Amino acid sequence: MPIRADNIGRYPANWDELSHQVKCSAQWECEGSPMYPACRARHGEPHPVTGSLVILTVAHLDHNPENCHRSNLRAWCQRCHLTYDAIEHAKNAAGTHARRLRAAGQLELVIP
Numbered sequence: 001m002p003i004r005a006d007n008i009g010r011y012p013a014n015w016d017e018l019s020h021q022v023k024c025s026a027q028w029e030c031e032g033s034p035m036y037p038a039c040r041a042r043h044g045e046p047h048p049v050t051g052s053l054v055i056l057t058v059a060h061l062d063h064n065p066e067n068c069h070r071s072n073l074r075a076w077c078q079r080c081h082l083t084y085d086a087i088e089h090a091k092n093a094a095g096t097h098a099r100r101l102r103a104a105g106q107l108e109l110v111i112p
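So the sequence shown is numbered by the working numbering: it starts at 1 and just counts up by one.
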């Protein structure tokens with residue numbers, strides 16, 4: 001996934017090299033995620049399920065860009081990466097929404 005501008009400082013200076021090594025070790029195909037363990041979509045080819053062009057990405061299993069140990073990194077297609085990160089993205093979106101409400105002087109609606 002593209003690195004968000006507000007997150008770029010959390011990645012090591014050699015991130016491009018590290019991510020390239022992960023993709024090479026995966027032979028430029030998706031390593032399969034918990035949701036799609038058999039996924040082997042190949043970089044630069046149409047995805048066998050979605051049909052979209054596969055751009056191989058590197059995921060942090062713990063969602064921590066500072067933790068670049070190989071055991072924490074996976075080469076994934078967009079479908080696998082976005083599915084794996086969906087809950088984390090929803091949390092971030094909720095936090096952003098709450099901050100915007102507070103900044104506008106509005107109260108948050110909290111549903112238990």
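Glycine is no exception: its CB is placed at the ideal position from the N, C-alpha and C atoms.
Please read these numbers as outputs of a predicted model, since none were measured by experiment.
The beta-carbon separation of proline 46 and leucine 56, rounded to 13 Å, does not stay under the 8 Å limit for a contact.
In the DSSP annotation of this structure, leucine 61 is not part of any beta strand (DSSP E), being labelled neither H nor E.
Counting C-beta atoms within 10 angstroms of its own C-beta, leucine 101 has fewer than 16 neighbours from the protein chains shown and is therefore classed as exposed. Out of Pro12, Ala86, Lys91, Gln78, the CA that lies nearest to the CA of arginine 42 is found in Gln78. Comparing C-alpha distances from alanine 75 to each of Arg10, Ser25, Gly51 shows the shortest one belongs to Ser25.
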